[in-house]
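Input: a single structure, listed below in structure tokens.
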Amino acid sequence: MILNDLNQILQDSVNAVAKDMSVQINSQLKEQINFEISTDSTRGDYASSCSLKLSKLFGITPRDLAETIKQSIKDKRINDIKIEGPGFINIFISAEQKYKNLEEIIEAEDQWGSSNDFSGKVLLEFVSSNPTGPLHVGHGRGAVLGMAISNLLEQIGFKVTKEYYVNDAGRQISILTSSVILNAYVKTFESEGTYEGDYIKSLADDFRAEHGDLDEEIILGKLDSDKDIRLDSIASYLQGSFKDLWEKARVFSVERILEIIKKDLHSFNIIHDSWFKESSLGKADDTNSDLSKSLVIIEKKGHTFEKDGAKWFKTTEFGDDKDRVLLRENGEPTYYLTDVGYHKNKIDRDYDYYINIFGADHHGYIPRLTSAFDVMKNNHQNIEFVLYQLVNLYEDGIKKMMSTRRGEFYSLSDLREELGTDVIKFFFLEKKSDHTMDFDMDLARDESKNNPYFYAQYAYVRCCSILAKAKYKPKEELDLNEISNCFEIVSKAINYPHFIKEYALERSPHSLVHFIKEFSADFHSFYESSPVISDNKAVSNSRLLITLITKQILKNSFKILNVEPLEKM
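As numbered in the working numbering, residues 3 to 571 make up the sequence shown, in order.
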């Protein structure tokens with residue numbers, strides 16, 4: 003890519019000047035010897051402020067240093083070099099070179115923007131919603147985010163495994179199981195705290211139809227007024243008195259809801275490579291289990307202590323705000339130990355990078371999970387967390403309710419049926435993930451330039467229509483001035499691999515959405531400013547080339563976002 007070449011030329015030129023002046027440049031300053039992509043054609047295609055950062059070391063003014071560096075830069079691809087302001091080095095690339103770069107895009111086609119600049123295996127965990135109900139729109143945001151980050155990482159050379167952690171054990175599953183059994187076999191009961199909604203009633207009906215009536219009546223008796231105590235009492239009673247029924251209901255409910263979740267994800271073309279069940283981690287008292295193995299490692303490294311009959315992990319040694327319990331006084335593992343055991347299992351699978359995409363309400367998990375990971379990991383392994391905020395859904399200015407427990411939520415499948423998948427993906431990714439999102443359903447339906455998804459797709463449709471009508475073939479006679487005059491589109495297209503690399507390393511698919519919005523607007527402006535097809539064949543061919551390039555860049559960008567480009571609207 004030309005930017006990489008220019009950076010090397012600049013570094014070589016600065017090093018040559020430094021050698022002549024007997025100046026030593028440290029590694030920190032060397033990192034600042036580079037060009038940035040210009041957004042203003044009057045300031046060149048690329049600009050560097052390195053002379054401002056190095057002038058003190060060289061003992062001359064930034065402008066004098068810039069002029070000296072300029073004399074050392076020799077490359078036939080450069081049309082002009084201008085020193086502006088206090089010492090900015092502005093590079094102007096020749097039209098011939100830009101055309102060669104555009105030819106590279108045509109030859110690369112769908113591969114433009116992909117590279118093997120990086121390597122290594124990534125385990126990317128995302129969604130991991132409790133299998134207690136259908137996915138709601140908040141889960142959808144995490145799902146779309148995870149898929150886009152995976153695609154970005156693969157674009158620059160990483161090998162990514164996408165994993166869903168299935169919480170098929172624990173209290174929420176107990177509440178789900180109780181909810182299904184009660185709905186199936188108890189005519190009247192105090193439902194507060196159990197899962198509600200049509201999907202629970204449907205599960206209960208299907209379960210009863212499959213397993214038949216009970217020989218023994220379920221008698222709840224007098225229950226505690228406290229909701230949590232009541233729920234735990236019901237679960238304990240059902241597990242104790244109807245053990246076989248309980249296990250059948252648990253497995254049935256989890257598997258049925260997982261089917262619903264997978265169907266929802268597949269409808270958005272979101273495919274996980276691995277579905278890892280919490281129940282497979284084993285028991286804490288089983289020496290072969292992941293829970294036991296992780297506990298042994300932490301103990302051997304001296305990071306545990308006993309208090310009040312419980313076993314604690316000294317997570318404050320790693321920056322956590324308080325120490326965490328691993329084993330309760332009754333010997334039962336905490337949710338935290340389960341998470342630790344899961345990450346021990348991840349570590350044993352020997353990936354290089356572990357990325358967890360969590361809802362922002364899980365931000366407190368980061369220091370405690372990082373603590374455990376750092377104790378158990380191998381030297382080459384690293385973990386990071388990407389957080390996403392809630393989605394507030396609005397229609398006609400009214401906010402929709404979302405509560406899985408009460409069954410009053412607007413599901414992801416409801417939203418898909420209302421709007422379609424791709425506009426939802428685009429909207430979910432438009433805002434930075436750690437910002438709360440207000441999703442305007444009315445705007446998502448709007449077929450005007452106010453809808454960023456529609457406007458971007460319309461740019462692609464325009465490209466397809468123009469190219470089909472013109473039957474354009476690349477490498478015909480061109481007017482290079484047309485390419486030089488189309489600065490914004492050409493610059494973004496040529497430097498597209500650099501942008502993709504940047505977005506991938508920053509885990510920021512929202513930046514790609516904003517790129518698409520700007521790039522589409524650039525094309526609409528180009529299209530409306532003058533006819534693409536004219537009587538001048540060279541001019542027409544140049545503008546058709548710009549159109550072809552625009553189509554390719556939009557196609558590649560939509561693919562990364564897991565969005566299907568539309569040829570007709």
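No residue lacks a Cβ here, since even glycine has one placed at the ideal position from N, Cα and C.
None of the values given here were measured: they were computed from a predicted structure.
CA nearest to the CA of residue i, picked from the options
i    : options                   : result
K309 : P369, K302, N290 and N332 : N332
N543 : K503, N487, E478 and E490 : E478
A18  : Q30, N6, L5 and I35       : I35
R45  : I93, D207 and K100        : I93
P476 : F244, P133, F428 and I551 : I551
H526 : K285, A237, Y462 and S513 : Y462
H213 : S131, K78, D246 and E165  : D246
Y101 : L5, E419, L482 and L546   : L482
L297 : S269, D323 and L339       : L339
N380 : N347, I400 and D398       : N347
N487 : S51, G142, T134 and D42   : D42
G311 : F320, V327 and H274       : V327
Q391 : D436, N132, D352 and Q174 : D436
H268 : V16, T306, T423 and L507  : T423
Residues near residue i by beta carbon distance below 7 Å, same chain, minus five either side
i    : result
L205 : V182, S255 and R258
N118 : G159
F501 : F517
K72  : I83, I85 and I91
T549 : C465, I468, L469 and V534
R545 : E484 and V534
F60  : M23, V25 and L67
D226 : R232 and S235
Residue-chain proximity (residue i, chain D), Cβ-Cβ < 8 Å
i    : result
K570 : The structure shown contains no chain D; it holds only a single protein chain.
Helix, strand or coil at residue i [DSSP, three-state]
i    : result
V327 : strand
T317 : helix
D138 : According to the sequence provided, residue 138 is His. The question's Asp does not apply to it. DSSP places H138 in strand when its eight states are reduced to three.
N564 : coil
E111 : helix
P335 : strand
E420 : helix
N497 : coil
F120 : coil
S227 : coil
Y197 : coil
F60  : helix
I2   : This structure leaves residue 2 out entirely; the chain is present only between 3 and 571.
S291 : coil
Y474 : coil
I85  : strand
Y462 : helix
CB contact flag (residue i, residue j, <8 Å)
i    : j    : result
L216 : Y187 : yes
N564 : A150 : yes
V393 : M439 : yes
I145 : F120 : Position check: residue 145 holds Ala in this sequence, whereas Ile was assumed. Going by C-beta atoms, A145 is not nearer than 8 Å to F120.
L125 : T63  : no
Q157 : G122 : no
L67  : G87  : no
V168 : K279 : yes
T372 : I385 : yes
L421 : D266 : no
K303 : L293 : no
F315 : D325 : yes
L547 : L480 : yes
H512 : K451 : no
N103 : I496 : yes
N153 : I562 : yes
G140 : G361 : yes
Spatial neighbours of residue i in its chain, beta-carbon cut-off 6 Å, leaving aside the 5 residues before and after
i    : result
P454 : K519
R509 : I151 and V388
N402 : Before going further, note that residue 402 is Lys rather than Asn in the sequence given. Around K402: L395 and Y412.
Cross-strand partners of residue i (DSSP beta bridge)
i    : result
W277 : Y166
T306 : F315
E38  : A49
Y396 : K401 and D442
I95  : I80
I272 : Partner(s): none; I272 has no beta bridge.
F360 : L389
Y457 : According to DSSP, Y457 bridges with nothing at all.
S413 : H138
Cut-off 8 Å between Cβ atoms - residues of its own chain near residue i, not counting five sequence neighbours on either side
i    : result
E69  : I85
W248 : T179, I183, L240 and Q241
Q26  : A20
R210 : A186 and Y187
S276 : T163, K164, E165 and Y166
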